[in-house]
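Residue numbers (my numbering), protein chains in the order written: chain A, 107 to 414; chain B, 35 to 274.
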Amino acid sequence: METEKISLGTQLFGYQLDNPIIPASGTFGFGYEFADYYDINILGSISLKGTTKEARYGNPLPRIAECPSGMINAIGLQNPGVEKVRTEELSKLKRYYSKKVIANVGGHSFEEYVYVSSAFNDSESVLAVELNVSCPNVKGGGLVFGNDPEVLGRLVKEVKKSCTKPLIVKLSPNVKDISEMAISAESNGADAISAINTLLGMRIDLKTRKPVISVGKGGYSGKGVFPVAVKMVNDIFKAVSIPIIGMGGISSSYDVIEMMMAGARCVMVGTANLIDPYACKEIIEELPITMKKLGICNLSEIVGCASI
Amino acid sequence: MKKEVLKVLSNEKLTETIFEMRLSGSSPMLPGQFVELLIPGFSLRRPFSVAEYDKGILTIIYKVMGRGTEEMTTIKKNTKIDTLTGLGRGFSLSGSEHPLLIGGGIGIAPLIYLARVLYEREKSVKILLCGRCNNDLIKQEEIGKYGEVFFATDDGSCGFKGNALEAAQSLFKQTDHYYACGPMPMLKALATNNKKGELSLEAHMGCGFGACMGCSIQTTDGPKRVCKEGPVFQAGEVIF
Ligand SMILES: Cc1cc2nc3c(=O)[nH]c(=O)nc-3n(C[C@H](O)[C@H](O)[C@H](O)COP(=O)(O)OP(=O)(O)OC[C@H]3O[C@@H](n4cnc5c(N)ncnc54)[C@H](O)[C@@H]3O)c2cc1C
Ligand SMILES: Cc1cc2nc3c(=O)[nH]c(=O)nc-3n(C[C@H](O)[C@H](O)[C@H](O)COP(=O)(O)O)c2cc1C
Ligand code: FES
């Protein structure tokens, strides 16, 4: 097989993505700072930092704890607020990135989710809104929405009434049955599912005998969560028919292919960007070579092929 | 920021817990900037200030604090280390003819390079080295080449007996600008007392180059990232 015949392209909501690689929300800022390192136009799309109605500072430091195969974060949704994101951050990004992006939305109430997600209705460069219903960092926030299929369904329904962009619902892994959540999102109008967000975790400083993270716990991500994510993406694939964006611990082109075989149409790469700022670029460059090795011409042929 | 593979030229013990590592192949670094080393077996990079830089050769001085820095002490000459160089914004190098440099403990490390650059720019440099005891006051001789050095120790084993702020009081009168690096309580005490200076801060980092918001502090000008807008901040802007 010749490398030229290999196609990385994929479609999401009728929009052509040059490849299925998308930096995950919270690990790529608002994108433009990475333009100092490489031409970010090679990316399939970009999921922006989680955005709320008002500006937020987030949690006190330390917000980061190392784990043997990843990290724990408790950023607490630091962002400049939706107005600034819409007007300033998106236009800064437009100078470096000519494709469409995904706006990631967080919230602490139904009203806030509805407000923030519909604030992007007229933003031309926004391909879709990704609803973070699972941020485990914010007190009284994410956990509630993402943990109960009934509440989640109601939230999706409410948001769909006023948000005109395609809606991606990003699921939490910290639930009893993730397929139940996916079904609830789909039946209430979600256009796609992304999964997984971070797993709840905690590290203890052996000298101070206290948690490393200021607020105690945080969200675990990185290589160590990969097998958990593959299984959950496959569970979701078997439960719904809308597209799935798979993520959790992806750090190589091999991981991308495995995640797609589990059922993902595209993938997001998170923590890997933090350890190696060139991670997405390297994965995109590796992908056709790995596909060739494995005899894959077209990525769409492998989506969900591993389901039994 | 650059991702580079640096080669270890040496990795030597300075005191019981403090080591000096010299690495070759680094892009230019300014005083106050930092690097992040990926230590095999650890998932996050470790940040270290540049203690000296000359023609591609970078020196860091590190204190053994936990498992990562413990592992670093075993790194042999010629080992290749995946490194991010040129991180953060360093100290301002102009604006003061009579700068005072205040280093507490391992916070002395970045002041060595700073002192040399200021000395080469013909500033009249004063340097205050602070620690718990004489053993903490590393690189006395080297720093002595670049200016007038003063010492302060908690136990009085070297120089003034007392803390950095007490020792700095009389020196503040002879300077128009200070640069400080050291433990948070020391920086807070200095900044509360005197706003005409710059502080080099530390924070646990997810990335080191501005992507994760893991290191954001609060300032009078809104949140700022230690790794990107810092690690050097104006003494007056940091909200402790
Ligand atoms: C900008 C900057 C410059 C620094 N310069 C120096 C220097 O020149 N010399 C020196 O000895 N030390 C310096 N430090 C501190 C040094 O990074 C930590 O001591 C080191 O990361 C500890 O690693 P460990 O694995 O031994 O400790 P562990 O406690 O086992 O580390 C666990 C995790 O916490 C992080 N961590 C722990 N303490 C700190 C800390 N104080 N700051 C940041 N992250 C921490 C580690 O990086 C790691 O991810 C600097 C820190 C920053 C942010
Ligand atoms: C520092 C950090 C910040 C994050 N912030 C967000 C966020 O704002 N919104 C969101 O939906 N997910 C956020 N996430 C979760 C990631 O987008 C991703 O779902 C998760 O980290 C798993 O992927 P990974 O293992 O590749 O990192 C964050 C993750 C990290 C590490
Ligand atoms: S450590 Fe990631 S933004 Fe500073």
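Note that the Cβ used here is the ideal one computed from N, Cα and C, for glycine as well.
Predicted model only: the values in this text are computed from it and were never measured.
Per DSSP, cross-strand counterpart(s) of residue i
| i | result |
| --- | --- |
| B/Val266 | B/Ser234 |
| A/Ile128 | A/Met374 |
| A/Asp283 | Beta-bridge pairing links A/Asp283 to no other residue. |
| A/Thr157 | A/Val211 |
| A/Tyr121 | A/Leu118 |
| B/Met55 | B/Asn45 and B/Ile94 |
| B/Ala214 | B/Ile136 and B/Leu233 |
| B/Ser83 | B/Phe68 |
| B/Val39 | B/Asp116 |
| B/Gly248 | BP columns for B/Gly248 are empty, so no partner. |
Beta carbon proximity, residue i to chain A, threshold 8 Å
| i | result |
| --- | --- |
| B/Val272 | no |
| B/Arg123 | no |
| B/Cys246 | yes |
| B/Arg166 | no |
| B/Leu221 | no |
| B/Phe82 | no |
| B/His238 | yes |
| B/Cys241 | yes |
| B/Thr253 | no |
| B/Phe76 | yes |
| B/Arg56 | no |
| B/Met106 | no |
| B/Lys37 | yes |
| B/Ser61 | no |
| B/Ser250 | yes |
Within-8 Å CB hit, residue i to chain B
| i | result |
| --- | --- |
| A/Ala272 | Note that residue 272 of chain A is Pro in the sequence shown here, rather than Ala. For A/Pro272, the answer is no, since every Cβ of chain B falls outside 8 Å of its Cβ. |
| A/Leu380 | yes |
| A/Glu139 | yes |
| A/Phe332 | no |
| A/Met177 | yes |
| A/Arg169 | yes |
| A/Gly164 | yes |
| A/Gln122 | no |
| A/Thr133 | yes |
Integer Cβ distance of residue i from residue j, believed to fall under 8 Å
| i | j | result |
| --- | --- | --- |
| B/Glu131 | B/Ser158 | 6 Å |
| A/Ala368 | A/Ala412 | 6 Å |
| A/Gly132 | A/Leu123 | In fact, because the Cβ distance is near 20 Å, the residues do not count as touching under 8 Å. |
| B/Phe267 | B/Leu233 | 5 Å |
| B/Gly120 | B/Lys36 | 6 Å |
| B/Cys167 | B/Ser191 | 5 Å |
| A/Val334 | A/Leu380 | Their Cβ separation, rounded to whole angstroms, is 19 Å, which puts A/Val334 and A/Leu380 out of contact at 8 Å. |
| A/Gly252 | A/Ser215 | That belief does not hold up - the Cβ atoms of A/Gly252 and A/Ser215 are roughly 14 Å apart, past 8 Å. |
| A/Ala234 | A/Ile208 | 5 Å |
| B/Val151 | B/Pro65 | 5 Å |
Any non-hydrogen atom of ligand 3 within 7 Å of residue i CB
| i | result |
| --- | --- |
| A/Cys173 | no |
| A/Arg162 | no |
| B/Met35 | no |
| B/Arg259 | yes |
| B/Gly244 | yes |
| B/Lys262 | yes |
| B/Met247 | yes |
Contact test: residue i Cβ vs ligand 2 heavy atom, cutoff 7 Å
| i | result |
| --- | --- |
| A/Lys276 | yes |
| A/Thr133 | yes |
| A/Val375 | yes |
| A/Met353 | yes |
| A/Ser327 | yes |
| A/Ala378 | yes |
| A/Lys155 | yes |
| A/Gly182 | no |
| A/Met179 | According to the sequence displayed, residue 179 of chain A carries Asn and not Met. Yes, the beta carbon of A/Asn179 sits closer than 7 Å to at least one heavy atom of ligand 2. |
| A/Leu238 | The sequence shown places Asn at residue 238 of chain A, not Leu. Because some heavy atom of ligand 2 lies under 7 Å away, the Cβ of A/Asn238 counts as near it: yes. |
Residue i Cβ short of 7 Å to ligand 1 heavy atom set
| i | result |
| --- | --- |
| B/Ser83 | yes |
| B/Thr68 | It is worth fixing the name first, because residue 68 of chain B is Phe in this sequence and not Thr. Correct: B/Phe68 has its Cβ closer than 7 Å to ligand 1. |
| B/Gly120 | no |
| B/His132 | no |
| B/Leu78 | yes |
| B/Thr107 | no |
CB contact below 8 Å: residue i versus chain C
| i | result |
| --- | --- |
| A/Cys386 | Here chain C cannot be found, since the structure's protein chains are A and B. |
Check your understanding: Considering only residues of the region 264 to 312 of chain A, which uninterrupted alpha helix (DSSP H) runs meet the minimum length of 4 residues and lie entirely inside it, listed in chain order?
Key -> For the region 264 to 312 of chain A, whole alpha helix (DSSP H) runs of length 4 or above, ordered along the chain, are 284 to 293.
Check your understanding: Fully enclosed by the region 184 to 263 of chain A, which alpha helix (DSSP H) runs are 4 residues long or longer?
Key -> Listed in chain order, the complete alpha helix (DSSP H) runs (minimum 4 residues) inside the region 184 to 263 of chain A are 196 to 200, 216 to 224 and 248 to 253.
**Study point:** Within the region 147 to 182 of chain B, ranges of the beta strand (DSSP E) (whole runs, at least 3 residues)
**Key:** If only complete runs of 3 or more residues are kept, the region 147 to 182 of chain B shows the beta strand (DSSP E) at 160 to 165, in order along the chain.
**Study point:** Segments assigned beta strand (DSSP E), at least 3 residues, entirely inside the region 326 to 357 of chain A
**Key:** 350 to 353, all fully within the region 326 to 357 of chain A.
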